[in-house]
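Novice: Under our numbering, think of the first position of the sequence shown as 1148, with each following residue one higher.
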Amino acid sequence: MTDPAKIRGKVVVITGGARGIGLATATALHALGAKIAIGDVDETTVKESGSARDFELYGKLDVTDATSFESFLDEVERTVGPIDVLINNAGIMPTGKLVDEPDQITRRILDINVYGVILGSKLALARMLPRRSGHVINIASLAGETHIPGLATYNASKHAVLGFTDTLREEYRDSGVRFSSVLPTLTNTELGSGVTAPKLLRPAEPEEIADAIVGLIETPRSKVRVTAVAGIVSQVVGLLPQAIGDGIARALGASHAFLDDVDAEKRKAYEERARSI
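#1: First and last residue of the beta strand (DSSP E) that includes HIS1282?
#2: Can you tell me whether ILE1202 is helix, strand or coil according to DSSP?
#3: Given HIS1403, which residues of its chain have a CB within under 6 Å of its CB, disregarding the five upstream and five downstream residues?
#4: Let me confirm a value: SER1328 is counted as buried when at least 16 other C-beta atoms fall within 10 Å, else exposed. Which label applies?
#5: Opposite ASN1235 in the DSSP bridges: which residues?
#6: Only counting runs of 3 or more residues, tell me where the beta strand (DSSP E) segments fall wholly within the stretch 1167–1200, in order along the chain.
#7: My output table needs one value for ALA1165: the three-state DSSP class, helix, strand or coil.
#8: Beta-carbon within less than 7 Å of ALA1290's beta-carbon, same chain only, minus the 5 sequence neighbours each way: which residues are those?
#9: Provide the residue span of the beta strand (DSSP E) that contains VAL1373, from first to last.
#10: Could you tell me the alpha carbon to alpha carbon distance between GLY1167 and VAL1188, rounded to whole angstroms?
#11: Rounded to the nearest angstrom, what separates THR1242 and THR1314 at their Cα positions?
#12: Using the Cα positions of SER1340 and LEU1257, report the straight-line distance between them to the nearest angstrom.
#13: Report the rounded CA-to-CA distance for LEU1204 versus VAL1232, giving the unit in angstroms.
#14: Run through DSSP, which three-state label would VAL1158 get?
#15: Could you tell me which residues DSSP puts in a beta bridge with PHE1326?
#16: Hey, how far is the Cα of ALA1357 from the Cα of ILE1286?
#17: Just the Cα atoms here: how many angstroms apart are GLY1156 and ILE1230?
#18: Using the rule of at least 16 other Cβ atoms within 10 Å of the residue's Cβ for burial, across every protein chain shown, is ALA1171 buried or exposed?
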């Protein structure tokens, strides 16, 4: 059961907070009394989302730009207070076979999903270390523990986030700053609209990821997987001999994640969104 006393008053910064998991998390934490700052490269939507929910701060944030990121954190600390929690949530997930992936998209995935997480963690850590207090939560994915054809670069980016976060957890284990990873399964958000849901494993809802993040802030630990069933399957498959694990993954429908599997209208909208951020 959630203890609001452990959340109330905390200053929480969330990247990619205009929609999806980021917005659901901001909403849940705000309801528990946290002071919320959301940033997103989509300035129009982040302002609409933030003003509608009366968050303490909301505005444009490009996680791939050091000046943009540092300026945003500066504004948070100047107007809201010292940052207690940074949630590196911004990410993109274009799909398709690697040979067909434009270099521009490859670089954009790595810039946002990997460099953005590294940059945000570094900037937050520099602010938290002197206080010997703080928590960096990086949104990874169960794709960081598996391999799904059609998501090669995305998988690589999430494997990187997991390795990075685990390393920081050890590197700064006596510093007072905590590091955690969140590993969602496919989630019902715009981000996942280009991927076919696996058989037998239901997609998660953004609110489920938000609840898991609330739990991490209350009781920090290294990782949380959502949904619990998908997390168990991911771990078990990873322990099996390769041929068996791959076979189970294919049987569950994780043999492909291509835009060919969604209707033309959704495909066009998804591609336009992926190129615009």
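Glycine is no exception: its CB is placed at the ideal position from the N, C-alpha and C atoms.
Specialist: Quick answer:
#1: 1281–1286
#2: It should be pointed out that residue 1202 corresponds to Phe in this sequence rather than to Ile. It is coil, neither helix nor strand.
#3: Low local confidence applies: a pLDDT of 49 at HIS1403 is under 50, so the model's placement there is unreliable, and no value is given.
#4: buried
#5: ASN1285
#6: 1182–1187
#7: coil
#8: LEU1298, TYR1301, ASN1302 and LYS1305
#9: 1370–1373
#10: 14 Å
#11: 28 Å
#12: Caution applies to SER1340, whose pLDDT of 49 falls short of 50 and renders its modelled position unreliable; the value that the coordinates give is listed next. So the two alpha carbons sit approximately 20 Å from each other.
#13: 14 Å
#14: strand
#15: VAL1283
#16: 11 Å
#17: 11 Å
#18: buried
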